[in-house]
Amino acid sequence: MKQIIVQFGGTGDLAQKKLYPAYQSLLSKGYEFHIIALGRRYSDKASFQKEMVNPEARELLEKLDYVQYDMAEPESTVRIVERIEELIDCDASIELIYYIALQPNLYEDAIHQIQTIDSQFTCTLSKKIVVEKPFGFDAESAARYNKILSLAFKDEEIYRIDHYLGKEFMQNLLIMRFHNDIIRSIWNNRTIESIQIVFDETHGVDQRLGFYEKIGVVRDTIQNHILQIVTYLTMSEPASFTSEDIAIEKVKVLRSIKPINEFRLGRYESIGSTRGHAVETPTYAALKLYVNTFYYAGIPIYIRTGKMQARAVSQIYVKFKNMTRSVVNDDSIHENSVIINIHPELTIDISMNLKEPNTSWKSRPVKFRFNHADTFGVNTPEAYEQIIEKILKSDKSLFPSIREIYESWRIVEPMLQEGQEIEIYPARSLPRFASRMIEKDGIIWYTDSAAAKET
Ligand code: BG6
Numbered sequence: 004m005k006q007i008i009v010q011f012g013g014t015g016d017l018a019q020k021k022l023y024p025a026y027q028s029l030l031s032k033g034y035e036f037h038i039i040a041l042g043r044r045y046s047d048k049a050s051f052q053k054e055m056v057n058p059e060a061r062e063l064l065e066k067l068d069y070v071q072y073d074m075a076e077p078e079s080t081v082r083i084v085e086r087i088e089e090l091i092d093c094d095a096s097i098e099l100i101y102y103i104a105l106q107p108n109l110y111e112d113a114i115h116q117i118q119t120i121d122s123q124f125t126c127t128l129s130k131k132i133v134v135e136k137p138f139g140f141d142a143e144s145a146a147r148y149n150k151i152l153s154l155a156f157k158d159e160e161i162y163r164i165d166h167y168l169g170k171e172f173m174q175n176l177l178i179m180r181f182h183n184d185i186i187r188s189i190w191n192n193r194t195i196e197s198i199q200i201v202f203d204e205t206h207g208v209d210q211r212l213g214f215y216e217k218i219g220v221v222r223d224t225i226q227n228h229i230l231q232i233v234t235y236l237t238m239s240e241p242a243s244f245t246s247e248d249i250a251i252e253k254v255k256v257l258r259s260i261k262p263i264n265e266f267r268l269g270r271y272e273s274i275g276s277t278r279g280h281a282v283e284t285p286t287y288a289a290l291k292l293y294v295n296t297f298y299y300a301g302i303p304i305y306i307r308t309g310k311m312q313a314r315a316v317s318q319i320y321v322k323f324k325n326m327t328r329s330v331v332n333d334d335s336i337h338e339n340s341v342i343i344n345i346h347p348e349l350t351i352d353i354s355m356n357l358k359e360p361n362t363s364w365k366s367r368p369v370k371f372r373f374n375h376a377d378t379f380g381v382n383t384p385e386a387y388e389q390i391i392e393k394i395l396k397s398d399k400s401l402f403p404s405i406r407e408i409y410e411s412w413r414i415v416e417p418m419l420q421e422g423q424e425i426e427i428y429p430a431r432s433l434p435r436f437a438s439r440m441i442e443k444d445g446i447i448w449y450t451d452s453a454a455a456k457e458t
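So in our numbering, the last spot in the sequence shown is 458, and the numbers never skip.
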């Protein structure tokens, strides 16, 4: 079957940084597909390719076409149809993959235009539609988009993207939890005391200001990536690793989470509008939530994430209860923990207490480390490559279901209210509320204490 990807947002940041490299990698592995990139910025294919694509991406340059397209001009759909028709032969089996990588406020128009494009073909084509996150602005708009989408596409033809599901560490969370008896038996609220999830980025909003300004941190990463991580950490075992069975368990987790009421938002201090940094929307958030299912109720989950931080850290810290300290009456005994480091390096540490040499019955925490690159090499495909490969193969196992998306909007809804207090934080520093929120419960961010020990 011949597959053609029609790339809305073909001159955008996401296309340039993530999608085109992923297409190149898949093409170089032997996948066969064409891409028609749509965008306003360049008048012809040569200038588009020159600016947007790595000149060494030989296979991609061969298969990547460009149509100048302005959504405000309905006649530009004719150009798209003409270009597709040049590529197809009605006797062969053809699949069109419409990929929307635009700001959510343009989705409705894009979907209407896709319907127009679709209605102009004389031959029978099969089709799919791929929609980037965030899916909507809130629960209400997500439902509206879904309604429009389902007028033109069946649910099995709709792929709603959260690229975190294509990440190796995410998939590994499920394998770690469900393929290990020792982990299964300790992964619940009888043994886990608390969980911390930290996703700090050093970069700012940069060239994505136009997109980010309408979105903010809650819609950008919390409603999707972060809540997906929470589901992978706390879902019960799915009947199988198919998309349907995984979705059933994820929805149970999400439905048990109440709308978040403990949170604070921050925004980094603008460092000059000339450098594109006059951000008006929240760029940082700290929050606490509970998963109210039988096996996880009562475990506080502390989350912090955002931009313009001093260190880029992505880490999950699972802290276990420390009964031993009282049993042996020694306050110096450390708790056990599982530390999943995602960035800068993918590692999993299990921290245990073992005897310190030359002491009399004194222990010290030591880490047993799995290092992904050392064990499996560094050539693991990027998340987007895994996601696009699944789309080409019609495998929906790495895509959130619409019910998950609705539940996630319900959970973050209080964080989206207008008129909230937003703390301004200096670039490269943690907003004060992030530490206060966790210290109030008598704990500290593991990532900061670990960094302090290293320096
Ligand atoms: C994207 C967000 O979805 O995820 C970005 O829009 C964020 O703001 C990015 O930086 C993080 O993804 P990754 O793959 O770099 O961890």
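All residues carry an ideal CB built from backbone N, CA and C; glycine is no exception. The structure presented is a predicted model; accordingly, all values stated were derived computationally and were not measured.
Is the Cβ-Cβ distance between residue i and residue j less than 8 Å?
i: V459; j: Q318; result: Outside the shown range of the chain (4 to 458) lies residue 459, about which nothing can therefore be said.
i: L290; j: I263; result: yes
i: Y287; j: K21; result: no
i: N339; j: M355; result: yes
i: D141; j: E416; result: yes
i: L152; j: I114; result: yes
i: I390; j: Y26; result: no
i: I394; j: N149; result: no
i: Y102; j: Q210; result: no
i: D68; j: H37; result: yes
i: A60; j: Y23; result: yes
i: I302; j: I198; result: yes
i: L177; j: L401; result: no
i: A104; j: G213; result: no
i: V294; j: S259; result: yes
i: I229; j: T127; result: no
How is the alpha helix (DSSP H) around residue i delimited, first residue to last?
i: A40; result: Careful: A40 lies outside any alpha helix (DSSP H), inside the beta strand (DSSP E) at 37-42.
i: N149; result: 142-155
i: V330; result: 327-330
i: G213; result: 212-215
i: M55; result: 48-55
i: L177; result: 171-181
i: E457; result: 449-457
i: S432; result: Here S432 belongs to no alpha helix (DSSP H), and DSSP marks it neither H nor E.
i: A289; result: Looking at the DSSP string, A289 is not in any alpha helix (DSSP H); the run it does join, the beta strand (DSSP E), is 287-292.
i: I319; result: Careful: I319 lies outside any alpha helix (DSSP H), inside the beta strand (DSSP E) at 316-323.
On the premise that residue j lies in contact with residue i, defined as a C-beta separation below 8 Å, what is that separation, rounded to the nearest angstrom?
i: D352; j: R372; result: 5 Å
i: T194; j: F323; result: 5 Å
i: E216; j: V282; result: 7 Å
i: L63; j: V70; result: No, L63 and V70 are not in contact; Cβ-Cβ is about 17 Å, not under 8 Å.
i: E98; j: F181; result: The Cβ separation is near 33 Å, so there is no contact.
i: V321; j: V341; result: 4 Å
i: T234; j: V256; result: 5 Å
i: K53; j: L30; result: Incorrect: roughly 19 Å between the Cβ atoms, too far for contact.
i: Q116; j: A155; result: Actually they do not touch by this definition, with Cβ atoms about 11 Å apart.
i: Q226; j: S411; result: 5 Å
i: E204; j: K310; result: 5 Å
i: A300; j: N192; result: 6 Å
i: K253; j: M238; result: 6 Å
Can we count residue i as close to the ligand BG6, meaning its CB is less than 7 Å from some heavy atom?
i: H166; result: yes
i: E506; result: The structure shown has nothing for residue 506, since the chain only spans 4 to 458.
i: A313; result: no
i: T296; result: no
i: D223; result: yes
i: H337; result: no
i: H375; result: no
i: A386; result: yes
i: H182; result: no
i: H115; result: no
i: H228; result: yes
Which stretch, first to last residue, makes up the beta strand (DSSP E) that contains residue i?
i: T350; result: 350-358
i: T308; result: 304-309
i: S129; result: 129-134
i: Q199; result: 195-203
i: D334; result: First-last for D334: undefined, no H or E at that position.
i: Q10; result: 5-11
i: L419; result: Looking at the DSSP string, L419 is not in any beta strand (DSSP E), and its letter there is neither H nor E.
i: I446; result: Taken as a continuous stretch (DSSP letters only), I446 belongs to no beta strand (DSSP E), as it is neither H nor E.
Three or more C-beta pairs closer than 8 Å, one from the region 425-434 and one from the region 265-273: is that the case here? yes
Across the region 121-135 and the region 158-176, are there enough close Cβ pairs to call them in contact, namely three or more that are closer than 8 Å? yes
With a threshold of 8 Å, are at least 3 pairs of Cβ atoms found where one atom belongs to the region 70-78 and the other to the region 186-194? Taking a cut-off of 8 Å on C-beta distances, the region 70-78 does not touch the region 186-194, as fewer than three cross pairs fall below it.
Per the contact definition of three or more C-beta pairs closer than 8 Å, is the region 143-160 in contact with the region 170-185? Cβ pair count under 8 Å is below three, so no.
Meets three-Cβ-pair contact criterion under 8 Å: the region 79-92 and the region 45-59: no
For the structure I just gave you, are there three or more beta carbon pairs, one from the region 327-336 and one from the region 241-257, closer than 8 Å? Contact between the region 327-336 and the region 241-257 is absent, because fewer than three Cβ pairs lie under 8 Å.
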